[in-house]
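Numbering (the UniProt record's numbering), first residue to last: 1 to 190. Here a beta-carbon is modelled for each residue, glycine too, at the ideal position from N, C-alpha and C. From a predicted model like this one, the values you see are computed outputs, not experimental measurements. To start, the structure under review is shown below, and the notes come after it.
Written as C-alpha coordinates, this is what we have:
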(Lines of atoms letter the chains of each structure in order from A; the text may use other names.)
(Lines give C-alpha, C1' and ligand atoms only; values in the text may rest on other atoms or scores of the structure.)
Protein backbone atom coordinates (compact mmCIF):
# COMPACT_ATOMS: atom_id res chain seq x y z
CA UNK A 1 0.00 0.00 0.00
CA UNK A 2 2.91 2.34 0.72
CA UNK A 3 4.28 1.77 -2.79
CA UNK A 4 0.94 2.76 -4.29
CA UNK A 5 0.80 5.92 -2.15
CA UNK A 6 4.38 6.85 -3.10
CA UNK A 7 3.69 6.30 -6.80
CA UNK A 8 0.52 8.39 -6.58
CA UNK A 9 2.45 11.22 -4.90
CA UNK A 10 4.96 11.31 -7.75
CA UNK A 11 2.42 10.95 -10.55
CA UNK A 12 -1.24 11.12 -9.57
CA UNK A 13 -3.33 8.70 -11.61
CA UNK A 14 -6.24 10.01 -13.64
CA UNK A 15 -9.65 10.36 -12.04
CA UNK A 16 -12.53 8.49 -13.70
CA UNK A 17 -10.17 5.97 -15.27
CA UNK A 18 -10.27 2.20 -15.42
CA UNK A 19 -8.99 0.69 -12.19
CA UNK A 20 -7.65 -2.86 -12.25
CA UNK A 21 -7.57 -4.23 -8.72
CA UNK A 22 -7.03 -7.64 -7.14
CA UNK A 23 -4.38 -10.30 -6.69
CA UNK A 24 -1.06 -10.97 -8.41
CA UNK A 25 -2.83 -11.87 -11.65
CA UNK A 26 -3.67 -8.17 -11.86
CA UNK A 27 -0.30 -7.05 -10.47
CA UNK A 28 1.57 -9.00 -13.17
CA UNK A 29 -0.59 -7.59 -15.96
CA UNK A 30 2.12 -5.15 -17.01
CA UNK A 31 0.76 -4.55 -20.52
CA UNK A 32 -2.50 -2.85 -19.51
CA UNK A 33 -1.61 0.43 -21.24
CA UNK A 34 -0.77 -1.29 -24.53
CA UNK A 35 -3.59 -3.81 -24.24
CA UNK A 36 -6.12 -0.99 -23.84
CA UNK A 37 -4.66 1.97 -25.77
CA UNK A 38 -6.34 5.29 -25.17
CA UNK A 39 -7.83 4.10 -21.89
CA UNK A 40 -6.67 5.70 -18.62
CA UNK A 41 -5.73 2.47 -16.83
CA UNK A 42 -4.52 2.15 -13.24
CA UNK A 43 -3.04 -1.10 -11.91
CA UNK A 44 -3.51 -1.69 -8.20
CA UNK A 45 -3.04 -5.43 -7.99
CA UNK A 46 -1.23 -6.78 -4.94
CA UNK A 47 0.15 -10.28 -4.61
CA UNK A 48 -1.44 -12.92 -2.43
CA UNK A 49 -4.58 -10.90 -1.91
CA UNK A 50 -8.03 -12.30 -1.39
CA UNK A 51 -11.37 -10.70 -2.25
CA UNK A 52 -11.81 -9.38 1.27
CA UNK A 53 -8.40 -7.65 1.14
CA UNK A 54 -9.61 -5.40 -1.67
CA UNK A 55 -12.66 -4.56 0.44
CA UNK A 56 -10.46 -3.83 3.46
CA UNK A 57 -8.15 -1.54 1.45
CA UNK A 58 -10.87 0.08 -0.69
CA UNK A 59 -10.35 3.44 1.03
CA UNK A 60 -6.73 3.38 -0.16
CA UNK A 61 -6.77 1.58 -3.51
CA UNK A 62 -10.25 2.19 -4.94
CA UNK A 63 -12.10 5.23 -3.61
CA UNK A 64 -9.32 7.85 -4.13
CA UNK A 65 -9.26 7.17 -7.88
CA UNK A 66 -13.02 7.61 -8.40
CA UNK A 67 -12.83 5.19 -11.34
CA UNK A 68 -15.60 4.95 -13.92
CA UNK A 69 -14.91 1.19 -14.08
CA UNK A 70 -13.28 -1.28 -11.71
CA UNK A 71 -11.96 -4.50 -13.25
CA UNK A 72 -11.63 -6.86 -10.30
CA UNK A 73 -9.88 -10.22 -10.04
CA UNK A 74 -9.50 -12.25 -6.86
CA UNK A 75 -10.82 -15.51 -5.51
CA UNK A 76 -8.35 -18.28 -6.23
CA UNK A 77 -6.12 -17.34 -3.28
CA UNK A 78 -9.24 -17.41 -1.13
CA UNK A 79 -10.11 -20.97 -2.15
CA UNK A 80 -6.48 -22.07 -1.76
CA UNK A 81 -6.57 -20.69 1.80
CA UNK A 82 -9.62 -22.82 2.61
CA UNK A 83 -12.49 -20.39 2.11
CA UNK A 84 -15.63 -21.91 0.65
CA UNK A 85 -17.27 -20.82 -2.62
CA UNK A 86 -20.10 -19.27 -0.58
CA UNK A 87 -17.60 -17.28 1.50
CA UNK A 88 -15.88 -16.02 -1.65
CA UNK A 89 -19.28 -15.00 -3.07
CA UNK A 90 -20.16 -13.22 0.17
CA UNK A 91 -16.81 -11.42 0.12
CA UNK A 92 -17.50 -10.34 -3.48
CA UNK A 93 -20.90 -8.96 -2.44
CA UNK A 94 -19.22 -7.10 0.44
CA UNK A 95 -16.73 -5.59 -2.04
CA UNK A 96 -19.55 -4.40 -4.31
CA UNK A 97 -21.43 -2.92 -1.36
CA UNK A 98 -18.27 -1.19 -0.11
CA UNK A 99 -17.61 0.36 -3.51
CA UNK A 100 -21.25 1.42 -3.86
CA UNK A 101 -21.07 3.26 -0.53
CA UNK A 102 -18.68 5.90 -1.92
CA UNK A 103 -18.89 5.34 -5.67
CA UNK A 104 -22.53 4.56 -6.50
CA UNK A 105 -22.10 5.19 -10.23
CA UNK A 106 -18.89 3.21 -10.74
CA UNK A 107 -19.27 0.07 -12.83
CA UNK A 108 -17.62 -3.14 -11.63
CA UNK A 109 -16.52 -6.00 -13.87
CA UNK A 110 -15.46 -9.15 -12.04
CA UNK A 111 -13.08 -11.51 -13.86
CA UNK A 112 -13.97 -15.11 -13.04
CA UNK A 113 -11.58 -17.26 -11.05
CA UNK A 114 -9.07 -18.77 -13.48
CA UNK A 115 -8.34 -22.52 -13.65
CA UNK A 116 -4.62 -22.66 -12.79
CA UNK A 117 -2.91 -26.05 -13.24
CA UNK A 118 -1.21 -25.70 -9.85
CA UNK A 119 -4.65 -25.48 -8.25
CA UNK A 120 -6.44 -28.01 -10.44
CA UNK A 121 -7.65 -29.85 -7.34
CA UNK A 122 -9.75 -26.76 -6.57
CA UNK A 123 -11.48 -26.62 -9.95
CA UNK A 124 -14.85 -27.85 -8.61
CA UNK A 125 -14.77 -25.08 -5.98
CA UNK A 126 -13.65 -22.55 -8.59
CA UNK A 127 -16.55 -23.47 -10.86
CA UNK A 128 -19.01 -23.26 -7.97
CA UNK A 129 -17.63 -19.92 -6.75
CA UNK A 130 -17.81 -18.56 -10.30
CA UNK A 131 -21.43 -19.72 -10.62
CA UNK A 132 -22.35 -18.12 -7.31
CA UNK A 133 -20.54 -14.86 -8.07
CA UNK A 134 -22.13 -14.65 -11.54
CA UNK A 135 -25.55 -14.99 -9.91
CA UNK A 136 -24.72 -12.41 -7.21
CA UNK A 137 -23.39 -9.96 -9.81
CA UNK A 138 -26.62 -10.23 -11.81
CA UNK A 139 -28.54 -8.81 -8.84
CA UNK A 140 -26.62 -5.50 -8.89
CA UNK A 141 -26.93 -2.76 -11.49
CA UNK A 142 -23.68 -1.92 -13.26
CA UNK A 143 -21.93 -5.12 -12.12
CA UNK A 144 -20.78 -7.58 -14.77
CA UNK A 145 -19.22 -11.03 -14.66
CA UNK A 146 -16.48 -11.83 -17.19
CA UNK A 147 -16.00 -15.53 -17.85
CA UNK A 148 -12.36 -16.38 -18.51
CA UNK A 149 -12.57 -19.78 -16.81
CA UNK A 150 -14.10 -21.59 -19.79
CA UNK A 151 -11.78 -19.83 -22.26
CA UNK A 152 -8.75 -21.15 -20.37
CA UNK A 153 -9.73 -24.83 -20.60
CA UNK A 154 -8.80 -27.28 -23.34
CA UNK A 155 -11.27 -29.59 -25.10
CA UNK A 156 -11.01 -32.13 -22.26
CA UNK A 157 -11.83 -29.52 -19.59
CA UNK A 158 -8.28 -29.14 -18.25
CA UNK A 159 -6.37 -25.86 -17.88
CA UNK A 160 -4.42 -25.02 -21.04
CA UNK A 161 -0.74 -25.30 -20.01
CA UNK A 162 0.52 -22.75 -22.56
CA UNK A 163 -1.43 -20.05 -20.71
CA UNK A 164 0.64 -20.43 -17.54
CA UNK A 165 4.22 -19.75 -16.45
CA UNK A 166 6.47 -22.43 -15.01
CA UNK A 167 4.85 -22.02 -11.60
CA UNK A 168 1.57 -23.17 -13.20
CA UNK A 169 -0.25 -20.41 -11.32
CA UNK A 170 0.59 -17.11 -12.98
CA UNK A 171 -0.13 -16.43 -16.62
CA UNK A 172 1.95 -16.10 -19.75
CA UNK A 173 1.30 -13.45 -22.37
CA UNK A 174 -1.10 -15.91 -24.06
CA UNK A 175 -3.16 -16.05 -20.86
CA UNK A 176 -3.30 -12.27 -20.66
CA UNK A 177 -4.38 -12.10 -24.29
CA UNK A 178 -7.44 -14.16 -23.35
CA UNK A 179 -8.12 -11.77 -20.49
CA UNK A 180 -7.58 -8.72 -22.73
CA UNK A 181 -10.10 -10.01 -25.28
CA UNK A 182 -12.62 -10.84 -22.54
CA UNK A 183 -12.24 -7.52 -20.72
CA UNK A 184 -12.11 -5.18 -23.76
CA UNK A 185 -15.90 -4.94 -24.28
CA UNK A 186 -16.30 -3.75 -20.68
CA UNK A 187 -14.15 -0.69 -21.30
CA UNK A 188 -16.57 0.70 -23.87
CA UNK A 189 -19.80 -0.26 -22.11
CA UNK A 190 -21.77 2.62 -20.62
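>> Within 10 Å of its beta-carbon, does residue 15 have 16 or more other beta-carbons around it, so buried, or fewer, so exposed?
In response: Here residue 15 is taken as the residue at index 15 of the chain shown, counted from 1. By the 10 Å Cβ count, residue 15 comes out exposed.
- prompt: Name the DSSP beta bridge partners of residue 144, please?
  reply: Counting from one through the chain shown, the residue named residue 144 turns up at place 144. The partner list for residue 144 (beta bridge, DSSP) reads 109.
Short of 6 Å in beta carbon distance, which residues of its chain neighbour residue 93, apart from the five on each side in sequence? Order them along the chain. Within the chain shown, residue 93 is the residue found at index 93, counting from 1. Taken in chain order, the residues that qualify are 136.
Original post:
Are the stretch 136-146 and the stretch 170-178 touching, with three or more C-beta to C-beta distances below 8 Å?
Top reply: The way I'd put it, the stretch 136-146 doesn't touch the stretch 170-178; fewer than three beta-carbon pairs between them come closer than 8 Å.
_Member of 101, 107, 106 and 165 whose CA lies at the smallest distance from the CA of residue 28_ = The residue given as residue 28 occupies position 28 in the chain shown. The candidate whose alpha carbon is nearest that of residue 28 is 165.
| query | With contact counted as at least three CB pairs below 8 Å, one residue from each stretch, are the stretch 143-163 and the stretch 107-126 in contact? | reply | yes
Discussion item. I'd like to know if the stretch 64-81 and the stretch 179-188 are in contact, where contact means that at least 3 CB-CB pairs between them fall below 8 Å.
Written reply: The stretch 64-81 makes contact with the stretch 179-188; the number of CB pairs closer than 8 Å reaches 3 or more.
What does the Cβ neighbour count give for residue 104, buried or exposed, with the cut at 16 atoms within 10 Å?
On the chain shown, residue 104 is found 104 positions in, with the first residue counted as 1. Exposed is the call here.
Just to confirm the assignment: which complete alpha helix (DSSP H) runs, minimum length 4, are found wholly within the UniProt domain "SGNH hydrolase-type esterase" (29-178)? 32-35, 51-56, 58-61, 76-80, 85-102 and 123-138
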